[in-house]
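Notes follow the structure.
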């Protein structure tokens, strides 16, 4: 006797799924600021590591810094918070790969690439790949 089976794919409303995910992880709407600063910190950590292992990357005396600016705006204009870092940054492909995939972490890939024994995982904050989505919840 042959039994016929059917296969079905799960579907998801991505926008709704992101809201559920982010709101379950982040109860405070202002958490996006911590996430952006954490991302900047990770970029500095990655650049610092590159500077130690590859002298061609950057001047050893270069300032590794995070700058936060809240410019004044005219009434009716959207408020802004500008966070700049002098870290390593991401290529276009890294942006697509890391920001375009939920729970994909460039920080985790970086740790894996350099080897766990070379750096304490707590030195790189954004290992879980969901923090940046908190920014979309306030945008």
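In my numbering, the protein residues as written are 51 to 189.
We treat Cβ as the ideally placed atom computed from N, Cα and C, and that holds for glycine.
No experiment lies behind these values; they were computed from the predicted model shown.
Coil, strand or helix - residue i by DSSP
i, result
"residue 106", "coil"
"residue 100", "helix"
"residue 66", "helix"
"residue 127", "coil"
"residue 112", "coil"
"residue 185", "helix"
Inter-residue Cα distance where the pair is residue i and residue j
i, j, result
"residue 61", "residue 146", "22 Å"
"residue 185", "residue 52", "52 Å"
"residue 104", "residue 121", "36 Å"
"residue 55", "residue 69", "34 Å"
"residue 64", "residue 118", "31 Å"
"residue 125", "residue 131", "16 Å"
"residue 142", "residue 111", "27 Å"
Nearest-angstrom Cβ-Cβ length linking residue i and residue j, presumed shorter than 8 Å
i, j, result
"residue 86", "residue 97", "With a Cβ gap of about 17 Å, residue 86 and residue 97 do not count as contacting."
"residue 116", "residue 94", "7 Å"
Residues bridged to residue i (per DSSP)
i, result
"residue 117", "134"
message: Any contact between the stretch 86-95 and the stretch 125-138? By contact I mean 3 or more CB pairs, one from each, below 8 Å.
response: In the pairwise beta carbon analysis, the stretch 86-95 is classified as touching the stretch 125-138: at least three pairs are separated by under 8 Å.
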